[in-house]
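Visitor: Please find one structure pasted underneath; my questions will follow.
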Amino acid sequence: ESGDTVWPGKTLQRFKDAGNMTDRFNALTALVASGQPLAAQALARFHAMFKDEALVIDKWFALQASAPDRGGDVLPLVRQLMKHPDFSIKNPNRARSVIFSYCSGNPGAFHRPDAAGYVWWSERVIELDAINPQVAARLARAMDRWNKLAEPYRTAAREAIARVAAKPDLSKDTLEVVMRALSN
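Given below as structure tokens:
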């Protein structure tokens, strides 16, 4: 925190006045990344403006799922994003925008001391495997380097991978990824 109380309002104004989506998204990113309360207003406005543009809404989802963690607030947010009317786990791009952004693109939020990120990852891999095994196998790779983690993360990550591997009807693709990870 810089202590500057003026910049959030100026950034929101820049967001509102932007002449193109890039400038608008960059202002939104600054508000979200800094945890500013004004981010909620900008996120709602951005969604309303671009709700019919799938790729832009994918970016909107990904921005939130990759936000810096402040006291464990990102995983609950990601769970809420998955309940959003515009989210569908059956849409690979939308699934990647939320799930992959959190699991692979947000290590500070994903690697939680309580292992909730790993548990959530294992649930999503299993859920996706029933819908789209290739996407599930790709998500499973988020834990490829689990053995490089410090304790207690390493043990918790291994348990999550083993939980996925134990699923009886797991696809060949996903099973191959998790078994290779466990053999490391």
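Position one of the sequence shown corresponds to residue 1 (UniProt numbering), numbered consecutively onward.
Yeah, the Cβ is synthetic: ideal placement off N, Cα and C, and Gly gets one too.
From a predicted model like this one, the values you see are computed outputs, not experimental measurements.
1. Identify whether Ile-89 lies in helix, strand or coil by the three-state DSSP scheme.
2. Could you give the DSSP three-state label for Gln-13: helix, strand or coil?
3. Would you report the Cα separation of Ala-42 and Phe-25, rounded to the nearest angstrom?
4. Whole angstroms are fine: how far does the CA of Ala-33 sit from the CA of Lys-10?
5. Could you tell me which of Met-49, Arg-112, Leu-175 sits nearest to Asn-20, measuring between CA atoms?
6. Can you tell me the Cα-Cα spacing of Lys-90 and Leu-81, whole angstroms?
7. For Ser-183, which three-state DSSP category applies?
8. Helix or strand or just coil, what does DSSP make of Gly-105?
9. Write down the C-beta distance between Leu-149 and Ala-116 rounded to the nearest angstrom, noting that I regard them as a contact closer than 8 angstroms.
10. Which term fits Thr-174, buried or exposed, when burial requires 16 or more other beta carbons within 10 angstroms of its beta carbon?
11. Tell me the rounded alpha-carbon separation between Gly-105 and Phe-15.
12. For Val-164, count the other beta carbons within 10 Å of its own beta carbon; 16 or more makes it buried, fewer makes it exposed. Which is it?
13. Report the residue from Ala-181, Ala-166, Trp-120 whose alpha carbon sits nearest the alpha carbon of Asp-144.
14. Are the Cβ atoms of Leu-156 and Tyr-118 separated by less than 9 angstroms?
15. Could you tell me which of Arg-96, Val-125, Asp-23 sits nearest to Phe-61, measuring between CA atoms?
16. What separation, rounded to the nearest whole angstrom, lies between the Cα atoms of Lys-172 and Leu-139?
17. Can you name the start and end residues of the alpha helix (DSSP H) that Ala-166 belongs to?
18. Quick one: Cα of Ala-130 to Cα of Val-177, how far?
19. Curious, which full-length alpha helix (DSSP H) runs of at least 4 residues does the region 21-104 contain?
Guide: Result, derived from the coordinates:
1. To locate residue 89, count along the sequence shown from 1; it is residue 89. Ile-89 falls in the coil class under three-state DSSP.
2. As a first step, residue 13 is located in the sequence shown; it is residue number 13 there, counting from the start. Helix, per DSSP.
3. On the sequence shown, residue 42 is found 42 positions in, with the first residue counted as 1. On the sequence shown, residue 25 is found 25 positions in, with the first residue counted as 1. Taking the straight line from one Cα to the other gives about 10 angstroms.
4. As a first step, residue 10 is located in the sequence shown; it is residue number 10 there, counting from the start. As a first step, residue 33 is located in the sequence shown; it is residue number 33 there, counting from the start. So the alpha carbons of these two residues sit roughly 15 angstroms apart.
5. What you label residue 20 is simply residue 20 of the sequence shown in a count that begins at 1. The residue with the shortest Cα to Cα distance from Asn-20 is Met-49.
6. The sequence position of residue 90 within the sequence shown is 90, counting from 1. The sequence position of residue 81 within the sequence shown is 81, counting from 1. Lys-90 and Leu-81: Cα-Cα distance of roughly 14 angstroms.
7. The count along the sequence shown starts at 1 and reaches residue 183 at position 183. In the structure shown, Ser-183 sits in a helix (DSSP, three-state: H, G or I).
8. Within the sequence shown, numbered from 1, the residue matching residue 105 stands at position 105. In the structure shown, Gly-105 sits in coil (DSSP, three-state: anything other than H, G, I, E or B).
9. Within the sequence shown, residue 149 is the residue found at index 149, counting from 1. Within the sequence shown, residue 116 is the residue found at index 116, counting from 1. The Cβ separation is near 15 angstroms, so there is no contact.
10. Along the sequence shown, read from residue 1 onward, the residue named residue 174 stands at position 174. By the neighbour-count rule (16 or more Cβ atoms within 10 Å), Thr-174 is buried.
11. Within the sequence shown, numbered from 1, the residue matching residue 105 stands at position 105. Within the sequence shown, numbered from 1, the residue matching residue 15 stands at position 15. Answer to the nearest angstrom: the Cα atoms are 24 angstroms apart.
12. For the purposes of this step, residue 164 is taken as residue 164 along the sequence shown, with counting starting at 1. Buried, by the Cβ-count rule.
13. Your numbering for residue 144 matches position 144 in the sequence shown. If we check each option's Cα against that of Asp-144, Ala-181 comes out closest.
14. Here the question's residue 156 lines up with position 156 in the sequence shown. Here the question's residue 118 lines up with position 118 in the sequence shown. In the sequence under discussion, the amino acid at residue 156 is Ala, which differs from the Leu named in the question. Result yes, Cβ atoms of Ala-156 and Tyr-118 sit closer than 9 angstroms.
15. Taking the first residue of the sequence shown as position 1, residue 61 is located at position 61. Minimum Cα distance to Phe-61 is reached at Arg-96.
16. Taking the sequence shown and counting its residues from 1, one reaches residue 172 at position 172. Taking the sequence shown and counting its residues from 1, one reaches residue 139 at position 139. About 14 angstroms.
17. Along the sequence shown, read from residue 1 onward, the residue named residue 166 stands at position 166. That residue, Ala-166, is in no alpha helix (DSSP H); it is neither H nor E in DSSP.
18. Counted from its first residue, the sequence shown places residue 130 at position 130. Counted from its first residue, the sequence shown places residue 177 at position 177. So the alpha carbons of these two residues sit roughly 16 angstroms apart.
19. 21-33, 38-50, 54-65, 74-81, 92-95
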